[in-house]
Structure formats: C-alpha cells, structure tokens
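The next block holds one structure in the form of structure tokens; read it before the comments.
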Amino acid sequence: MLATAVLSGDASAQESLDLALPPPPDGYATEHLGSVTWTFPVSLQDRAMELIERFDVHWREVVDDFGVPIEDDLIIRVARNPREMRALAPTGAPPPDYATGVAYPHWGVILLTMSAPQTWEPPDLEVVLVHELSHVAFHRAVLGHEVPRWFSEGVAIHQSEVRLLPRMESLLRAAAQRSMLRLSELDEHFPRRPYEVNLAYAQSADVVGFLRRSDNDERRFHRMIQALRSGETFDVALANAYGWTRVGLERHWRESLRTRYRILPALLTGSTVWVAAAILVVVAYRRRRRYHHTKLKQMEYREELEALHATSQPSPPPLARSERLSDGGVPIVEHDGESHTLH
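Right under this line is the structure:
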C-alpha cells in the first residue's frame, strides 16, 4: 500500500517561513517545463520523463474535479531514494520517514521517491504523483482555508487510486471486528502507526466516495468547494451542500456500510475478507473507470469546442485595392498619388 503524506498540518509553519530549497545532489538535473520546475536524477531520466509526459493530463483532471480555477505553478522534485528525498526537501521541513511522496501545499512543492522506504521497492509513482497533486490543488481550490485532514486525504485517494483493493480489505476487517475509527477521532489526531493509518486512509476514501456516489453528488461537491473557498467552515459548507452535520454524515455513511456489506457474516476469516474485498472492489473499480472515462470525454469535448471556436473566427476583410500594409503592419492608403498612414 502506498504511503503518502501532506504537511498541511504545518500550514501555519509554512506560511511563517519563506521557501528555501537546497540545491539538488550531484547527478540531478532541473528543467523548467511550462509552469512546472522538475528536478530528477539523470541516471533515471527515462522514468522521470514518463511522469512528465503524463503530468498535463493528470493535473487537468484533478483541477477539473474541483470545479474552480486553480493556479498551476509547481515544483516537483523526484528522488532516487528516501535519503535523497530528504536532501531535496525544503529547509526545516523534512518528509515523514514512511512516505513515498509528500506535498507542501502552501509552497506548491511535491517530493517523490523512486524507492519506497523500508522495502526499497519502486512505488507506483504515477498514483503517488496524482495523490500529491490533489493535495496542492485542493489547498488552492479552497484558497488555503482549513479542512479536516481525513477529508483532504479522502479526496486525494478518490482522485488518484482506481484500484482500492488493499484499502478495501482494511475497511472490511475493521467493519467485521467493529474497530472502525470515528471521524471525530480523525479530526483530533490522524494516526501514524501502520495499521491505524491504513484504516484511516481507507475510511477517509470511503466517506468521500459515499459523498460522491452519483452525478448529483458531484454538483454538491462543487458547491461545497465553493463554500470552503469563500471562507465558510467545513461544517457550514457540508450542511449547505449536503444538508448534514458532521455527525449526520458519519451516521449515514455507516448505514451505507451496513447496507453494502450486509452479505458478510458477523465474523470473517482472513481469506473470506480478501475474497469479499475483491468482489466489492470490482464494482468500485468499474464505477471509478466510468467516472474517469466521463471526465476524459468532457476534456476532449471541451478541447474540440475550443479548436472549433478558434477556426470559426471570421477572417478580417481584405484590404481595398488602394490599401496596402506598411512594414509595421499599419494600413496605408494612396490618394492623389500620395501615401497616407491610417491611425
């Protein structure tokens, strides 16, 4: 399971400090591509270029999902391993030891590592990148106003992970063992221990998925983002968009869990939990694929409209026979054998 982090909890610290990025270690290159500054190891340039080539699609999809204009200037630093990721981190703000990626939303900085901590296996960098892009985009979408950590994480997982089998398995185990975390607990303290953090991520993703289970809920989600953007508190924005308090949201979500998983016995063995998770994740996977397919179609349709608009603009009328352009492109009219420049 991917371990990512967002240092939004240190937003006040970020705001009080100017961004200070150390120079990259030897063997790293830095390129400015559009509004993004990329830093990556030269020896792994091919892997970095795969991310760079897919960036525009991922960023546009994430931004479109929030339904508001978002600035796109970013700094993305890709490291060979966790040690070098720490060397690439902003001064005074190292990444957590467990993270394969970390976002600094206030600064628009993202760090990624090509080797996961502890296992040193290559993570799915594309998924990690989209997850961290979501954190930065969300911060900008709501103009930096505070939102619960679990909600931000749930949105990021919803946007980045189509295949949710490991997280679903954690959720089913907790539901079977009645060891679910309360949202109020996550409000006060987002866990860091492996099992609890996996469960917290799984619950966060499922709550956001519950809020966005239909097309009408997408409109509600956009309404909520607009309210947060205007400075409303999370509770007020939630009530305005969905008509629920935070307690009401948790109650309805837990009821939906019982409805969705009522086919499961009260106690599940490890193997049946995995099978049940596999069955349920197929349904979620298909729904998410339809969602992403619809988003891509909307993007393609908008691009076609923009291209059509550009080609359908009327051409300027041809100059009269007696008119010609000066070297600077200003029309010149000849009259009585003399040339006159039009102003």
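Under the working numbering, think of the first position of the sequence shown as 2, with each following residue one higher.
Ideal Cβ positions, reconstructed from N, Cα and C, are used throughout, including at glycine.
It should be emphasised that the depicted structure is a prediction, and the values quoted were computed from it without experimental measurement.
Taking all protein chains shown into account, Y196 has fewer than 16 neighbouring C-beta atoms within 10 Å of its C-beta and is therefore exposed. Listed in chain order, the alpha helix (DSSP H) elements of length 4 or more contained wholly in the segment 185-268 are 195-212, 216-230, 235-243, 247-261. Selection H223, V64, L22 evaluated against Q160 yields V64 as nearest (Cα-Cα). Look at P83 here: in three-state DSSP terms it is helix.
Taking the C-beta atoms as reference points, V79 is found nearer than 8 Å to T40. Contact between A90 and L112 holds, since their C-beta atoms are separated by about 6 Å, short of 8 Å. For the options R61, L126, W121, P23, the alpha carbon positioned closest to that of D47 is the one of L126. The shortest CA-to-CA distance from S116 to any of L134, E85, V137 is the one to E85.
CA-to-CA, the gap between L18 and A138 works out to about 21 Å.
Checking the DSSP bridge columns, you'll see F41 partnered with A30. The continuous beta strand (DSSP E) containing V103 extends over residues 102-105. Membership of V110 in the beta strand (DSSP E) is indicated by the continuous run 110-114. Contact between A100 and T5 holds: their C-beta atoms lie close to 6 Å from each other, under 8 Å. Put simply, of L184, Y29, V58 the residue whose alpha carbon is nearest the alpha carbon of A206 is L184. In this structure, DSSP gives V143 a state outside helix and strand, which the three-state scheme calls coil. When the five nearest sequence neighbours on each side are left out, the beta carbons in the same chain lying within less than 7 Å of the beta carbon of S171 are those of N199, L200, A203, in order along the chain. With a cutoff of 8 Å on beta-carbon distance, V7 and P118 are scored as not near each other.
Taking C-beta atoms under 8 Å as the contact rule, L20 and V148 fail to qualify, at a distance of about 22 Å. One alpha carbon belongs to L130, the other to D98, and they sit about 18 Å apart.
R81 is the residue among S36, H223, Q178, R81 whose C-alpha sits nearest the C-alpha of P26. Counting along the chain, L52 sits inside the alpha helix (DSSP H) bounded by residues 46-67. DSSP, read as helix, strand or coil, puts R78 in strand.
The beta-carbon distance between A177 and L258, rounded to whole angstroms, is 11 Å. This is too long to meet the 8 Å contact definition. In the three-state reduction of the DSSP assignment, V131 falls in the helix class, which pools H, G and I. The three-state secondary structure of V156, taken from DSSP, is helix.
DSSP places V7 in the strand class (E or B) of the three-state scheme. A direct Cα-to-Cα measurement between P124 and R255 gives close to 32 Å. Taking C-beta atoms as the reference points, T92 and P23 count as a pair closer than 8 Å.
Of the candidates G155, D218, F211, R55, the residue whose Cα lies closest to the Cα of L34 is R55.
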